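First comes the structure, then the notes that go with it.
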Amino acid sequence: DVKVTQSSRYLVKRTGEKVFLECVQDMDHENMFWYRQDPGLGLRLIYFSYDVKMKEKGDIPEGYSVSREKKERFSLILESASTNQTSMYLCASSYWDRDDGANVLTFGAGSRLTVL
Amino acid sequence: AQKITQTQPGMFVQEKEAVTLDCTYDTSDPSYGLFWYKQPSSGEMIFLIYQGSYDQQNATEGRYSLNFQKARKSANLVISASQLGDSAMYFCAMRGPDRNTGGFKTIFGAGTRLFVKA
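Residue numbers (this note's numbering), protein chains in the order written: chain A, 7 to 122; chain B, -15 to 102.
Following this line, the structure appears as C-alpha cells:
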C-alpha cells in the first residue's frame, strides 16, 4: 500500500558530490513537493511542481534543482553537496485543485542525507 | 507573509489524559486551510485533521479535534484520552495562495514533540 516512495532512506555523501534524491508516487497526483526538515525549523519547502516539466521555487531553493520528466517522478538534485545540506528530505504529493481546500499532502518516508 | 508558529518544543502528558498542542498562524488571505500532521519515530508524516478558514464548526476526527479561533488566528490540536502510541512529533500546517506562482503552497510550523507517559 506504498503511495509515495523515496529511493534512499539513508545516504552519506562527501562535500562536492552530486546527489540525486528520487521520489515516485502511484496516486496520479499532479502536485509534488520537496521539503527539508531540520530540528527547530520544521519543514521548509525547497521546490514544487504542478505538472510534468514544470517547477516552482519554494522558500529555500538555493543549492538545489529538481526534475520532473514524468508525472509520477520528482527528483531533487544537489549539484555540489555541502555540509549545510545535511538534513532529512521529505517528498510529498497531492492532487491539483483550484482552491485552498482540504488538499492533504501524502508524504514519503524521508531520506536522511549526511554530507561529510 | 504567511507564517506558522508552534511555541511548544516538547510536551508531556499522562496516558488517558487530554492534551492541547498550540498553533498560531499569520496570513493576510481570507481563504486558507489548516492541517495537523503526526510524525512518529518511523519518520513518515501522517495527516490527522483539517480545518477550512470558512468552516463554522471545529473539525473533529476521532480523538483529535481542532480548536479553531479565527479572530485569534489559532488552530490548536486537542488529543483526548492520550495513548502511548500518540508519542510523536506534531506539525501544524497552513495551505494558502502563493503570490509568486499564483498557485497554492503548504507551510509548516517547527513542530511539537509529544511524550505520553504510562
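Glycine is no exception: its CB is placed at the ideal position from the N, C-alpha and C atoms. If you're wondering where the values come from, they're calculated on a predicted model, not measured in any experiment.
Nearest neighbour of residue i, chosen from the options [CA to CA]
| i | options | result |
| --- | --- | --- |
| Ala(-15)/B | Leu68/B, Leu18/B, Ile91/B and Val62/B | Ile91/B |
| Glu85/A | Ala98/A, Ser93/A, Tyr70/A and Gly48/A | Tyr70/A |
| Gln105/B | Ala102/B, Ala59/B, Leu68/B and Gly80/B | Here chain B covers residues -15 to 102 and nothing more, so residue 105/B does not appear. |
| Glu45/B | Gly69/B, Phe19/B and Lys0/B | Phe19/B |
| Tyr95/A | Ser117/A, Phe113/A and Arg50/A | Ser117/A |
| Pro(-7)/B | Thr96/B, Phe31/B and Tyr16/B | Thr96/B |
| Ile(-12)/B | Tyr9/B, Ser49/B and Glu(-1)/B | Tyr9/B |
| Asp13/B | Pro81/B, Ala102/B and Lys89/B | Pro81/B |
| Thr11/A | Met38/A, Val58/A, Val18/A and Lys61/A | Met38/A |
| Asp57/A | Ser100/A, Thr89/A and Ala87/A | Ser100/A |
| Tyr48/B | Gln(-2)/B, Ile33/B and Ser26/B | Ile33/B |
| Leu27/A | Leu111/A, Thr112/A and Ser73/A | Ser73/A |
| Asp44/A | Thr92/A, Leu111/A, Gly64/A and Cys97/A | Thr92/A |
| Lys105/B | Val3/B, Cys7/B and Asn84/B | Past the edges of chain B, shown from -15 to 102, lies residue 105/B, and the structure says nothing about it. |
| Thr(-9)/B | Val(-3)/B, Leu5/B and Glu1/B | Leu5/B |
| Leu82/A | Ile52/A, Asn109/A and Glu36/A | Ile52/A |
| Phe80/A | Glu68/A, Ile66/A, Asp65/A and Lys61/A | Lys61/A |
| Ile30/B | Leu119/A, Cys97/A and Trp102/A | Cys97/A |
| Lys54/B | Asn84/B, Tyr38/B, Leu61/B and Glu(-1)/B | Tyr38/B |
| Pro67/A | Glu75/A, Ala115/A and Trp40/A | Trp40/A |
| Ala43/B | Val121/A, Tyr16/A, Ala108/A and Ala115/A | Ala108/A |
Limits of the unbroken beta strand (DSSP E) element including residue i
| i | result |
| --- | --- |
| Lys101/B | Thr96 to Lys101 |
| Glu75/A | Ser71 to Lys76 |
| Glu28/A | Val25 to Gln31 |
| Asp34/A | Taken as a continuous stretch (DSSP letters only), Asp34/A belongs to no beta strand (DSSP E), as it is neither H nor E. |
| Ala59/B | Ser58 to Ile63 |
| Thr4/B | Val3 to Leu5 |
| Lys89/B | Phe88 to Phe92 |
| Met(-5)/B | Gly(-6) to Gln(-2) |
| Gly17/B | Gly17 to Gln23 |
| Ile83/A | Arg79 to Leu84 |
| Tyr9/B | Thr8 to Asp10 |
| Tyr48/B | Tyr48 to Gln53 |
7 Å Cβ cut-off: residues of chain A touching residue i
| i | result |
| --- | --- |
| Phe92/B | Gly48 and Leu49 |
| Lys22/B | What Lys22/B touches in chain A: nothing, since even the nearest Cβ is about 11 Å away. |
| Gly95/B | Gly48 |
For residue i, three-class secondary structure by DSSP
| i | result |
| --- | --- |
| Asp70/B | helix |
| Gln(-14)/B | coil |
| Gln12/A | strand |
| Gln91/A | helix |
| Lys59/A | coil |
| Leu122/A | coil |
| Leu111/A | coil |
| Tyr38/B | coil |
| Lys19/A | strand |
| Ile66/A | coil |
| Met51/A | Residue identity differs from the one stated: residue 51/A is Leu in this sequence, not Met. Leu51/A falls in the strand class under three-state DSSP. |
Partners in chain B for residue i, counting only beta-carbon separations shorter than 7 Å
| i | result |
| --- | --- |
| Phe113/A | Glu28 and Met29 |
| Leu84/A | Those within 7 Å of Leu84/A in chain B number zero; the least Cβ separation is about 20 Å. |
| Leu17/A | Chain B residues near Leu17/A: none, gap ~14 Å exceeds 7 Å. |
Amino acids of chain A, ordered along the chain, whose beta-carbon sits closer than 9 Å to that of residue i
| i | result |
| --- | --- |
| Gly87/B | Asn37, Phe54, Tyr56, Glu62 and Trp102 |
Partner residues on chain A for residue i, Cβ-Cβ distance less than 8 Å
| i | result |
| --- | --- |
| Tyr34/B | Ala108 and Val110 |
Closer than 8 Å at the beta carbon, the chain B residues around residue i
| i | result |
| --- | --- |
| Gly116/A | Gly27 and Glu28 |
| Leu119/A | In chain order: nothing, as chain B lies at least about 13 Å away. |
Contact list for residue i against chain B, beta-carbon separation under 9 Å
| i | result |
| --- | --- |
| Glu122/A | The residue you asked about is not Glu; residue 122/A is Leu in the sequence shown. By Cβ distance, chain B contributes nothing, its closest Cβ being about 21 Å from Leu122/A, past 9 Å. |
| Leu27/A | Near Leu27/A there are no residues of chain B at all, since even the closest Cβ is about 14 Å away, more than 9 Å. |
The stretch 75 to 94 of chain B in contact with the stretch 42 to 58 of chain A per 3-pair CB rule at 8 Å:
yes
So, do the stretch 72 to 92 of chain A and the stretch 17 to 36 of chain A have three or more beta carbon pairs nearer to each other than 8 Å?
yes
Residues in the stretch 53 to 78 of chain B having any Cβ partner in chain D nearer than 7 Å
Reference to chain D is not applicable here, since the protein chains of this structure are A and B.
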